[in-house]
Structures are given as structure tokens and as C-alpha cells.
Amino acid sequence: MSSSSRTWRQRVFRIATAAQTISSATLGSVLIVHLAAPVVASLTGPAAVDMSNQMILLGREWYQRAWIEPVLVYGSFSLHILSSLVRRALLHRPTLCWPWHWRWETWHSVCGWILTPLVCAHVLVNRIVPQQSSLPISGLSPSELDMSYVSYALAASPITTWSVYVLLSVTGAVHIVGGAMKLMRRRKMRVRAQYGLTTAFALAAMLLVGTSAIAQDGLASVAPTAMERMAACYRQVVPWRWVGI
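Just so you know, we're using the UniProt record's numbering here: the sequence shown kicks off at 1 and counts up by one.
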């Protein structure tokens, strides 16, 4: 490889790394607010659902505004994926080995790629599809898009929905904690992989405990007609489209 080509690759790699870091920080600010609802549900006992719904409303005030959501959420997510693809293309191809021999960085990357379609499905089913004004959905209102919406899917299609949320929680926690560890190491801070693994699984467990609390109490006051409209939303998105709900 010539020196000019090497210099070009290094420059592009630095730009992609900076874009990845910036988009990570932006997405992190959104995730802190977004994940607060299931975390609160895991800590508040009988009042879990009410507290979670309040956290959802507060979060929407922050990132679901006309210009903030396209830039802060969708823009940062797209930039993060694009910069990660560029970095992956410029890095040397790693030697193949069995998963139990993978390093923490490999798990972080693999979980990121698994997380991508899961996040897309999550956005579609919770944000894009419920806005449809046509029948039978007729545009779900913000009050209908609370934890009862999640609870309905967990009750109507438990195996599929729980599989999605377990995979989303575990891969998300590993990728988030792994990304934080990468940033700390870039700043020459020592971080042990076992601490990162413990933190990731603790976060995933907390999210799933909160989801369980939501599943138990989230459908207390939902009308049958609202459930039919919720079902119509889920039927448009994979994997519920494949297995039915």
C-alpha cells in the first residue's frame, strides 16, 4: 500500500471514529431518557406501570419534537451505523474463531449488528406504524402508546415479544457498556472486561425485570377496541407479521 493511500485511509478512519463517537454520545442522551421507564418499573413495585408511563411522557417532551427527533434520534442512529460500516471496512479482517474465544470488543461489535434490525423493528412498531391515520389503526394517541401497548404484545404473543425484548435488552446492554469501555480505553483509562460484562448483564436484568412488571399490570384499563388497534400495529412489523398476534 502506498503512503498516500495509507494516509487517506487513516484520515477517513479518524473521521469515521469521530462520527461514531459523537453519534454514540447523542444516542446515549436519548437512551438514558428512553430506558428510564423500564428501569423505574423494576424499582417501584406496585406503582411500576404508573411511574413508567410518567417517565415515557417526560421522555417524549425531550426527544419527540418536530426537529429534535429526526436529527437527534434518526440522524444519529444512521450516522452511527454508517460510521461503523466505514470503520469495519477499513480495519484489517480479523481471524475467525469460535464465539467463546472472542474478545470483549468482538462481542460489542456483534451485538451492535444484531441490535440494528431490532432497533429498526422497535422504532417501526412503537413510533412509525401507530401514526397511520387509516383504519383499523386510526392514529394511536400518546395516551394509548404507553406501557399498555407493550403489555398487550407481551400478553397476546408472549413467546415472540419476550424473545424480542430479551434479545433487545441483552444485545443493547452489551453494546452500550462495550461502547463506554471503548471510550474509556481511548482516554487511557483501565477497565477490566469482567466488570463490563457484569455491568451489561445487570443492566439487561434490570430492563427485563421492569418489562416483567409492565407485563403483569399494564393492561388493567385498556378497552377491547384499543387492543384491536394495537394488534393492527404489531401485525405490520416483523416478527409479529410472520407469527401473528
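Even glycine gets a Cβ: it sits at the ideal position worked out from N, Cα and C.
As the structure is a prediction and not an experimental result, all values here were calculated from the model.
Within 10 angstroms of the beta-carbon of Pro136 lie fewer than 16 other beta-carbons, which makes it exposed. Contact between Ala213 and Ala41 is confirmed by a C-beta separation of about 5 Å, below the 8 Å threshold. In the structure shown, Trp67 adopts coil according to DSSP, grouped into three states. Taking 9 Å as the cut-off, the Cβ atoms of Leu57 and His122 do not count as close.
Pairing Leu124 with Val237 gives a Cβ-Cβ distance under 9 Å. In the DSSP assignment, Gly172 falls within the unbroken alpha helix (DSSP H) covering 158-186. For the stretch 15-67, there is no continuous beta strand (DSSP E) assignment of 3+ residues that stays within its boundaries. For Asp217, the enclosing alpha helix (DSSP H) has its first and last residue at 193-217.
Taking a contact to require three or more Cβ pairs closer than 8 Å, the stretch 191-200 and the stretch 153-165 do not qualify as touching. Its chain contains Arg235 as the residues whose beta carbon lies nearer than 7 Å to that of Arg241, once the 5 sequence neighbours on both sides are disregarded; these appear in chain order. Between Gly75 and Leu118, the C-beta gap is not smaller than 9 Å, which leaves the two residues out of contact.
Cβ-Cβ distances below 6 Å link Gly218 to Val49, Met147, Ser148, Ser151 in the same chain, with the five nearest sequence neighbours on each side left out; the list follows chain order. Val71 has its alpha-carbon roughly 10 Å from the corresponding atom of Ser78. Taking a contact as a CB-CB distance under 8 Å, the pair Ala16 and Ser83 counts as one, their CB atoms being some 4 Å apart. When DSSP states are grouped into helix, strand and coil, Leu72 belongs to the helix group. With contacts defined as CB atoms closer than 9 Å, Val30 and Trp62 qualify as a contacting pair. With 16 or more other Cβ atoms inside 10 Å of its own Cβ, Pro130 counts as buried. Following the DSSP letters along the chain, one finds Ser109 inside the alpha helix (DSSP H) bounded by residues 104-123. Your pair Gly59 and His80 does not check out as a contact, with CB atoms roughly 20 Å apart and the cut at 8 Å. Taking the C-beta atoms as reference points, Glu105 is found nearer than 9 Å to Lys182.
Rounded to whole angstroms, the gap between the alpha carbons of Val166 and Leu208 is 7 Å. Under the 10 Å beta carbon count, Met55 is surrounded by 16 or more other beta carbons and is classified as buried. The beta carbons of Leu27 and Val73 sit closer together than 9 Å. Sorting Gly210, Trp8, Ala89 by C-alpha distance to the C-alpha of Asn53 places Gly210 at the top. For Val243, the enclosing alpha helix (DSSP H) has its first and last residue at 240-243. Distances from the CA of Cys111 to each of Arg87, Gln20, Val177 were compared; the closest alpha carbon is that of Val177.
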